[in-house]
Structures are given as structure tokens and as C-alpha cells.
Amino acid sequence: MLDPNKIKSRFPIFSDSENTDLVFLDNASTTQKPDVVVEKLNDFYSRYNANVHRGIYRIGELATMEYESVRKKIAGFINAKSEKNIVFTKGTTESINLVAYSWARKNLSPGDEILVTEMEHHSNLVPWQLAAQQTGATLRYIPITEAGELDLSDLEKYLNSKTKLVAIVHQSNILGTINPVKKIIDLAHNVGAKVLIDGAQYITHASLNVDELDCDFYAFSGHKMMGPTGVGVLYAKQVLLEEMDPFLSGGDMILSVSMEKSTWNDIPYKFEAGTPNIAQVIGLGAAIQFIEDTGIDKIDEFITSLTKTAITKLQSVRGLRIYGHGPSSDSTSVISFNLADIHPHDVAQFLDMDNIAVRAGHHCTQPVMLKYNISSTVRASLYIYNTPQDIERLVGSLQKTINFMS
Ligand code: PMP
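In numbering that gives the first Met the number 0, the protein residues as written are 0 to 405.
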């Protein structure tokens, strides 16, 4: 079993004199960075800072080699067939927008349907609302149950010959629910629909095999898996990337430019216009190496076990209601709750006074709020440097809050 205290010592932020007491439970929002990621960024800027795919001088070639080696690493990490399937973006949001602009606008027409779910992050919802408005397609929603799971009882009704795209979240950033994406992908393919998976939360702790899943697109962010901000990935099947038009245009994504027209670079470069986030990509490579050295299965096992402990302890707090995480649910890492009728922002502020960082709000999932008829929740989300003592501190502080308020 992974030792969180040993892991924690690898994260410089927790040794900062102002943070030695910090309990960081906002990992679904962004994660802290281990020493190897911070050092890698420092190393790039101090030793071989140069643009990629351009200079033929030594440090330019070194930067390009490091940058491209991360593409290969990511392909291996998610079991993609080739590094050509890996497009670097700014994050999950940009990856989804890329598909919404370059694939959806070309392939959707009036009468077509896009199927999403009621538990999507706004990043996997608003781009489809816009694409639907502009193409005349219709957006349909798979509902969620009171237990915070997808209600798949009528899935055949939602999936039909009009369905052209299914866009679903692998793991909910508010309920922690892990969705049965393989089953949905297979059924969607039976009606000829393409499937995009929003993997922003899932990939941070669980092993992923895109080849086995057979998804058409998979989107994720580097900063939620210990990498830097400003870098994300779109995995896409090669045939789709070949067919799609560019998203952003400019330098590096072209093969030739004349006064009249331009032709496009090979994939995946066709989708990477301008100077990319070089340091961030290289930093993400170090984060993935850290995950591989730690062991993704160990990470998953540890987080799932800590989540179970946290849920049991939270349930003992008077007036606390947890959303999702029913007895039969496949869920982990993210726990949303409300504490009696105390406003979530007040709860978060009380916790902050004890140096415990949680998130309060709608978590960019307003349809879930509507479903439960609430405006916001408190969210504690766990990662590998959280310890059982962190959970004790959270529960103790919540108990203090409810006692004070009543
Ligand atoms: N989808 C999910 C499930 C998320 O949790 C998030 C981040 N909260 C996003 C998409 C958007 O990610 P980013 O802000 O890194 O683009």
C-alpha cells in the first residue's frame, strides 16, 4: 500500500513554512506538483529553453526531442496505437472545443442528435449546446438517478440512428461516479455514433486503455494529474484526425502557404498552431513518469480506500448529507456534501480557518444542482498525498462548525 506521508514529502508546497499545516482537499480542481515536475520546468528554462520544430541548433533540437518524447510517453500511458493520436491542447476544455469545432460542425446537420448526460461538467456541455445551435442538431440528456448514477434503463431509447455523437464524462467531478463507458461506447457504435469521453477526473488515478475502450475521442488535462497548468491532451482515432479540418490556424500547422491558399501539416501537428506550451508539455512528461514510478494501480487502490474511510467518517457528522456514493455505486475520490442548512461557502470558510482547502459552489455542473434542487455543495476531493490524518482534521473541523452554528 502506498505511504501518503512519504509521497507528501515529494511535494514542495507542503514544506513551505506557511503550508506545513495545509490540508489540501481541492484536488478535483487542480493537483499539487511533485519535486520532479518543478525541477523539470526549471531544467528546461535554465538549460535548453528554445522553440520546438524550428531551430536546427543544439538546444532547439533538445527541446523538440523532449517535447516529442512526451507525446510518445502519453501514447504509451493510455495505450494509444501511435503518438499520431495525441494532440496537445491547453486542457480538457480546449480538447472538447477542438472536436466541437473541427468534427461536429462538419459532421452534424439538422435532425441529428448529440447525446450527453446530466452529470457533465460545463466543459462537456456548453460546446455541444453551441454546436447544436449552429448545426441544427438536438442535444439530448441521459438522466441521473437520486443515487447519483446514470439512469441507463432507457439507453436504447436515447441511442438511435439520429445519434451522431455521444459525449460523456468518465468520472463525475461532483459525484465521484465512474460511468460504464465501455458499455455506452459499444452501444453507440452499434448505431454509428462517435463517442467522446471527458477523462479529466478519471485519468488522474486509474489506468486507461483507449484502444480497448475503442472511444473515438478522449480528453484530459495535465494539471489535474500533477502536471503544469496550460497543457492537456486530445486523443483521437487517426482516421478522424485525418478527416477533420484544423481548429486553430497559423504557424507550424501548415505544410505550405501561398498568397491564395495553404495546405496542412500531417497529424497531429495540423492541430497545434503556433508556439505550443513547451515547458508545460515537458513538465507533464515528468508527472506521468511520477505516476508510473508510483504505480497507477497503487494510486487507485489508495484513493479508493481513503475515500471509503472518509465517507464513513463524514456520515457520522450530524446533519451532513453526501450526494452520490450509494452502496452499489462505482465511485471514488470526489465527495460532495452539504452540512445541515449552513451555506457551503460558510462551511468552506470555517474549514479554511483550520487551514483545510475544499471547494464550495456548483462545480461547473449546474444541471446536477438542478437535479438535487440545491444551488451548491461543499466538495472534498482526495489525492495521493492526502492522509488519514487529513480526513480526521476535516471531520473534526466540520463537527466544530455544526456545533458552533447550532
Ligand atoms: N471535465 C471535468 C470532469 C472536469 O473536472 C474539469 C475540470 N474541473 C473539466 C472538464 C475542465 O478541465 P480544464 O479546466 O482543465 O479544461
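The C-beta atom is built at its ideal place from N, Cα and C for all residues, glycine as well.
Excluding the five sequence neighbours on either side, which residues of its own chain have a C-beta within less than 7 Å of the C-beta of Val209, listed in chain order? Excluding its 5 nearest sequence neighbours in each direction, Val209 has C-beta neighbours in its own chain below 7 Å: Ile77, Asn78, Ala79, Tyr217 and Tyr234, listed in chain order.
Is the beta carbon of Val316 sitting closer than 7 Å to the one on Leu397? Contact flag set, yes.
Buried or exposed (CB count within 10 angstroms, at least 16 for buried), His204: Burial of His204 is indicated by the presence of at least 16 other C-beta atoms within 10 angstroms of its C-beta.
Can you grab the Cα-Cα spacing for the pair Asp20 / Lys83, in whole Å? In this structure, the straight-line span from the alpha carbon of Asp20 to that of Lys83 is close to 44 Å.
Considering Phe219, what are the terminal residues of the beta strand (DSSP E) in which it resides? Phe219 -> beta strand (DSSP E) spans Phe216 to Ser220.
Give the list of continuous alpha helix (DSSP H) stretches no shorter than 4 residues that lie fully inside the segment 355 to 403. The segment 355 to 403 contains, as complete alpha helix (DSSP H) runs of 4+ residues, the segments 365 to 371 (chain order).
Sequence ranges, alpha helix (DSSP H) only - wholly within the segment 233 to 272, length at least 4: Taken in chain order, the complete alpha helix (DSSP H) segments of 4 residues or longer contained in the segment 233 to 272 are 237 to 242.
How should Met224 be labelled, buried or exposed, when 16 other C-beta atoms within 10 angstroms of its C-beta is the threshold for buried? Met224 is buried by the Cβ-count criterion.
For Tyr56, is the classification buried or exposed, using 16 other Cβ atoms within 10 angstroms of its Cβ as the cut-off for buried? By the neighbour-count rule (16 or more Cβ atoms within 10 Å), Tyr56 is not buried but exposed.
Tyr140 and Val168 - do their beta-carbons sit closer together than 7 Å? Taking 7 Å as the cut-off, the beta carbon of Val168 is found no closer than this to the beta carbon of Tyr140.
Just the C-alpha distance for Ile334 and Pro126, rounded to the nearest angstrom, thanks. Going from the Cα of Ile334 to the Cα of Pro126 covers about 26 Å.
Length of the line joining the Cα atoms of Ile312 and Gly231: One detail in the question is off: residue 312 reads as Lys in this sequence, not Ile. Taken atom to atom, the span from the alpha-carbon of Lys312 to that of Gly231 is near 35 Å.
Leu195 - partner residues in DSSP beta bridges: Leu195 is bridged to Ala166 and Phe216.
Span separating the alpha-carbon of Asn385 from that of Phe10: Using only the alpha carbons, I get a separation of about 12 Å.
Closer than 6 Å: Asn337 CB and nearest ligand 1 heavy atom: Outside the cutoff, so no.
Selection from Leu174, Pro275, Ala347 and Ser152 that minimises the alpha carbon distance to Ala146: The option with the nearest alpha carbon to Ala146 is Leu174.
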